[in-house]
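Heads up: the protein sequence lines correspond to chains A and B, in order. Residues 1 to 312 in the UniProt record's numbering are what the first sequence spells out, letter by letter. Residues 1 to 339 in the UniProt record's numbering are what the second sequence spells out, letter by letter. What follows is a single structure, written as structure tokens, with notes after it.
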Amino acid sequence: MTQTLRPPRGLWRRVSDLFYLHPGLLLFLLLVPPMLWMGIIYLGSLFNLLLYSFYSINGFTGQLEYRFTLDTFKTLLTTPANTDIVIRTVLMALAVTLACGLIAFPIAFYMAFYTRGNTRTLWYMLVLLPLWSSYLVRVYAGRLILAQEGVVSWFFAQLHLSWLLDAILKTPVLGGPSLASSYFGMFVVFTYIWLPYMILPLLASLERVPKSLIQASADLGARPGQTFRRVIWPLAVPGVAAGSIFTFSLTLGDYIIPQVVGQPGFFIGQMVYIQQGTAGNIPLAAAFSVVPIVVITLYLLLVRRLGAFDAL
Amino acid sequence: MQTAVQLINLTCIFGNVRAVDRVNLEVYSGEFFSMLGPSGSGKTTCLRLIGGFEAPSSGQIVLFGQDASRLPPYARDVNTVFQDYALFPHMSVLDNVAYALMVRGVPRAERHRRAGEMLELVKLSGMEHRRPSQLSGGQRQRVALARALINQPRLLLLDEPLGALDLKLREEMQIELKALQRSLGITFIYVTHDQGEALSMSDRVAVFNHGQIEQLDTPKGLYEHPQTEFVARFVGSANILEGRLIGLGEGRFALRPERVRLVAGSEPGAHRLVGRLLDVHYLGSQTRYEVQVEGGRITALAPSQEEILPAGSVVTLSWDATSLRPLADGIPARPEASV
């Protein structure tokens, strides 16, 4: 007779054994709820929305026609007012992404290579602090700061630089009666609001770069500029790509900031909001929301083509 | 002999710690020079100062007759093999090795040809297109070596390059490194905490302790004539005897375990001690005996015998008077800087 060392098997014990011996089963049970959520509620409703972009509104009755057609996309792409909206939004998203990248990189670089322990925690706090307050509060605060009688114009006046502010406001298209009602002001608020979303992924990629790589590069004769181009930048690119997808897509989809700050021209987010709400043209709203998806997909293909993910 | 590196009163202070404390030394051209010491002894900081990765707080670094104290790493004719190898993860092995040529603007075909030659030298042909992450530790180590040597530097700094390798591989690499150094004629400065490694490869060794050099000597000089208790204990192992010894005067003396003879029984006399065998460690070719004598414990190391004495036996230890090495006082710990 063989003697086993096992204590008596209770139910819980048997369940544990079952899961231990069949790890696939446990994984399956853990993944089913999130997959259902992702598949049905999240992706399902998204596809449903996209499906509507292939339907159309009967111009006469205002009724939805459940018939496959590309008419809505034709309307979107041939009406100058609509293409203006798309171009305006994409240009703003590009400008905001570029500005966020330029501001975020030095901050992330400094945090990754020159801070440790408590100092780094403090910097994390500083970066994340704005996210603790309401988005709306920050947007309206942005408008007040940029207003005609706001802090910024006061500051320019104190520095005897009012002429500079006036010159900025006189720029065609970008300018306006005040910063708060110009595209330039909108750009400033967008950049401010989305900055943390650029800093954090950048920091994540830079934190993984050992300092010794930078020293090795210098040791092998590379001047700081070469080290940046050949070592730091290629290793930071996945973070830049991730961060830029955040800032780019968040700007493409936002409908609050263009309403609160800047000139009255519409943005994609606003069009989606208006078309499915007040205008009741769900197919056009759906077609508008396809635009960011297409733009982001093209952008991802482009960065992959450029070898951005080789270092992953 | 030509001087490759000269350190003059070199000091490096981090916060309130003197990592390197008024170090003076000269490394000659073509020499295999080791810096040996426990962690925190300042040996790595000293190497990093020579490489240009840290700035000295005071003192001077002279490289090949030129003051290099304030030169950035890329302006020094020195290359480094880093402890973690620091290979560029986004480049192939070939591009890693060719990096130094690339930043100098050598055309692609030419630098790849020369990088291929370097890989041949370190026996890694066929690995050109792999990524560093696809290599074993020993292979990465060789890539790091090839990359540092491609510029044909006059001085190569190695920061515990074999630390991450297993014993067998480490011994192989020690032999290869030494052979490479001889054939290339480059000055090597080698940082290690492994005294065996330092002794077997080096022409001269500087033993670091508390940011200062305790002793600078040939491997044989260090082992046979340790000048302080720290060196005697750190390089090999040593029995430290204290007191008045016949013919040698008063003081502290180091006695290597293998210079202690051990016989069974009690036979007192001059340069002898009678004790009781505490413990016997069989090490294969040798056997180590721990003996309790009056006032302390003495270790003896002897070739293994067929018959091993049992613990508890009474034994007599003896040695030649010439085996006793008088010791001077070492460097006291100085964690606080007096700036």
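Even for Gly, the Cβ is constructed at its ideal location relative to N, Cα and C. All figures in this text were calculated on a predicted structure; none of them were measured in a lab.
Just the Cα atoms here: how many angstroms apart are residue i and residue j?
i, j, result
"valine 294 of chain A", "alanine 287 of chain A", "11 Å"
"glutamate 224 of chain B", "phenylalanine 88 of chain B", "43 Å"
"proline 335 of chain B", "lysine 43 of chain B", "Because proline 335 of chain B sits at a pLDDT of 44, beneath the cut-off of 50, its placement in the model cannot be relied upon, and the point is left open."
"alanine 95 of chain A", "threonine 79 of chain A", "24 Å"
"glycine 185 of chain A", "tryptophan 163 of chain A", "17 Å"
"leucine 283 of chain B", "tyrosine 289 of chain B", "11 Å"
"alanine 337 of chain B", "serine 205 of chain A", "Model confidence at alanine 337 of chain B stands at a pLDDT of 38, short of 50, so the residue's coordinates are unreliable and nothing is read from them."
"serine 200 of chain B", "proline 219 of chain B", "8 Å"
"aspartate 77 of chain B", "arginine 88 of chain A", "54 Å"
"alanine 4 of chain B", "tyrosine 299 of chain A", "54 Å"
"glycine 251 of chain B", "serine 323 of chain B", "15 Å"
"arginine 140 of chain B", "valine 191 of chain B", "18 Å"
"arginine 182 of chain B", "threonine 297 of chain A", "57 Å"
"valine 15 of chain A", "proline 33 of chain A", "20 Å"
"alanine 104 of chain A", "isoleucine 245 of chain A", "14 Å"
"alanine 165 of chain A", "serine 182 of chain A", "Strictly speaking, residue 165 of chain A in this sequence is leucine, with alanine absent from that position. The straight-line gap from Cα to Cα measures roughly 12 Å."
"tryptophan 319 of chain B", "histidine 271 of chain B", "6 Å"
"alanine 109 of chain B", "glycine 116 of chain B", "11 Å"
"cysteine 12 of chain B", "valine 93 of chain B", "35 Å"
In or out: residue i buried (at least 16 other Cβ within 10 Å) or exposed?
i, result
"arginine 147 of chain B", "buried"
"leucine 160 of chain A", "Here the sequence assigns histidine to residue 160 of chain A, which means leucine is not the residue at that position. Exposed, because fewer than 16 other Cβ atoms sit within 10 Å of the Cβ of histidine 160 of chain A."
"glycine 185 of chain B", "exposed"
"tyrosine 52 of chain A", "buried"
"asparagine 239 of chain B", "buried"
"methionine 35 of chain A", "exposed"
"phenylalanine 33 of chain B", "buried"
"glycine 24 of chain A", "exposed"
"methionine 1 of chain B", "exposed"
"alanine 179 of chain B", "exposed"
"valine 339 of chain B", "Bear in mind that the predicted position of valine 339 of chain B carries a pLDDT of just 34, short of 50, making it too unreliable to give a figure here."
"glutamine 66 of chain B", "exposed"
"proline 226 of chain B", "buried"
"alanine 328 of chain B", "exposed"
"serine 39 of chain B", "exposed"
"glycine 330 of chain B", "buried"
Verify the contact flag: residue i, CB atom, against every heavy atom of the ligand GDP, threshold strictly below 6 Å.
i, result
"glutamate 250 of chain B", "The ligand content of the structure shown is nil, which means the ligand GDP is not present either."
Could you spell out where the alpha helix (DSSP H) holding residue i opens and where it closes?
i, result
"tyrosine 190 of chain B", "Here tyrosine 190 of chain B belongs to no alpha helix (DSSP H); instead the beta strand (DSSP E) covers 187-192."
"serine 205 of chain A", "183-207"
"histidine 112 of chain B", "108-121"
"alanine 75 of chain B", "Note, alanine 75 of chain B: premise wrong, no alpha helix (DSSP H); not H, not E."
"valine 260 of chain B", "Segment: none, valine 260 of chain B is in no alpha helix (DSSP H) and carries neither H nor E."
"methionine 92 of chain A", "80-114"
"proline 33 of chain A", "23-36"
"isoleucine 213 of chain B", "No alpha helix (DSSP H) holds isoleucine 213 of chain B; the beta strand (DSSP E) holding it covers 212-217."
"glutamate 172 of chain B", "167-184"
"methionine 271 of chain A", "268-276"
"proline 292 of chain A", "282-305"
"arginine 140 of chain B", "137-149"
"aspartate 166 of chain A", "162-170"
In the DSSP assignment, the beta strand (DSSP E) including residue i goes from what residue to what residue?
i, result
"arginine 22 of chain B", "17-28"
"aspartate 254 of chain A", "It is not in any beta strand (DSSP E) - aspartate 254 of chain A carries neither H nor E in the DSSP assignment."
"threonine 3 of chain B", "3-14"
"leucine 129 of chain A", "No beta strand (DSSP E) contains leucine 129 of chain A, which DSSP labels as neither H nor E."
"phenylalanine 253 of chain B", "249-255"
May I ask you to list, following chain order, the residues of the stretch 87-118 of chain B that have a beta carbon less than 7 Å from some beta carbon of chain A? Listed by position, the residues of the stretch 87-118 of chain B near chain A (Cβ gap below 7 Å) are Phe88, Pro89, His90, Tyr99, Ala100, Val103 and Arg104.
contact_flag[the stretch 232-245 of chain A, the stretch 257-267 of chain A] where n(CB pairs < 8 Å) is 3 or more: With a cut-off of 8 Å, the stretch 257-267 of chain A and the stretch 232-245 of chain A do not count as touching, because too few Cβ pairs lie within range.
According to a CB-to-CB cut-off of less than 8 Å, which residues of the stretch 212-237 of chain A neighbour chain B? Correct list: Ser212, Leu213, Gln215, Ala216, Ser217, Ala218, Asp219, Leu220, Gly221, Ala222, Arg223, Gln226, Arg230, Val231, Pro234 and Leu235.
Counting Cβ pairs closer than 8 Å, one from the stretch 178-190 of chain A and one from the stretch 142-151 of chain A, do we hit at least three? yes
Are there three or more Cβ pairs, one per stretch, closer than 8 Å when the stretch 108-121 of chain B is compared with the stretch 172-179 of chain B? A contact is defined here as three or more CB-CB pairs under 8 Å, and the stretch 108-121 of chain B fails this definition with respect to the stretch 172-179 of chain B.
Taking a cut of 9 Å between CB atoms, which residues from the stretch 64-83 of chain B lie near chain A? Pro72, Pro73, Tyr74, Ala75, Arg76, Val78, Asn79, Thr80, Phe82 and Gln83
Taking a cut of 8 Å between CB atoms, which residues from the stretch 179-211 of chain A lie near chain B? Pro210
Within the chosen definition, does the stretch 62-82 of chain A reach the stretch 210-225 of chain A through at least 3 CB pairs nearer than 8 Å? no
Count the C-beta pairs between the stretch 149-160 of chain B and the stretch 70-83 of chain B that are closer than 8 Å, then say yes if the count reaches three, no if not. yes
contact_flag[the stretch 240-253 of chain A, the stretch 133-140 of chain A] where n(CB pairs < 8 Å) is 3 or more: Pairwise C-beta distances place the stretch 240-253 of chain A out of contact with the stretch 133-140 of chain A, as fewer than three of them are shorter than 8 Å.
Within 8 Å, do at least three Cβ pairs link the stretch 256-276 of chain B to the stretch 289-307 of chain B? yes
Is there contact between the stretch 25-37 of chain B and the stretch 197-214 of chain B, where contact requires at least three CB pairs shorter than 8 Å? yes
Please determine if the stretch 185-202 of chain A and the stretch 47-67 of chain B are in contact, where contact requires at least 3 C-beta pairs separated by less than 8 Å. With the cut-off at 8 Å, the stretch 185-202 of chain A and the stretch 47-67 of chain B do not touch.
For the stretch 40-59 of chain B, which residues have a CB atom closer than 9 Å to at least one CB atom of chain A, in sequence order? Per Cβ criterion, the list reads Arg48, Gly51, Gly52 and Phe53.
Chain A contacts made by the stretch 147-160 of chain B, where a contact means CB separation under 9 Å: Identification of residues in the stretch 147-160 of chain B having a C-beta nearer than 9 Å to some C-beta of chain A yields Arg147, Ala148, Ile150, Asn151 and Leu157, given in sequence order.
Does the stretch 124-137 of chain B come into contact with the stretch 274-292 of chain A, if we say contact requires no fewer than three beta-carbon pairs (one atom in each stretch) closer than 8 Å? no
Would the stretch 5-20 of chain B and the stretch 119-134 of chain A be scored as touching if the rule is three or more Cβ pairs under 8 Å? Two segments are said to touch when three or more pairs of C-beta atoms, one from each, lie closer than 8 Å; by this definition the stretch 5-20 of chain B does not touch the stretch 119-134 of chain A.
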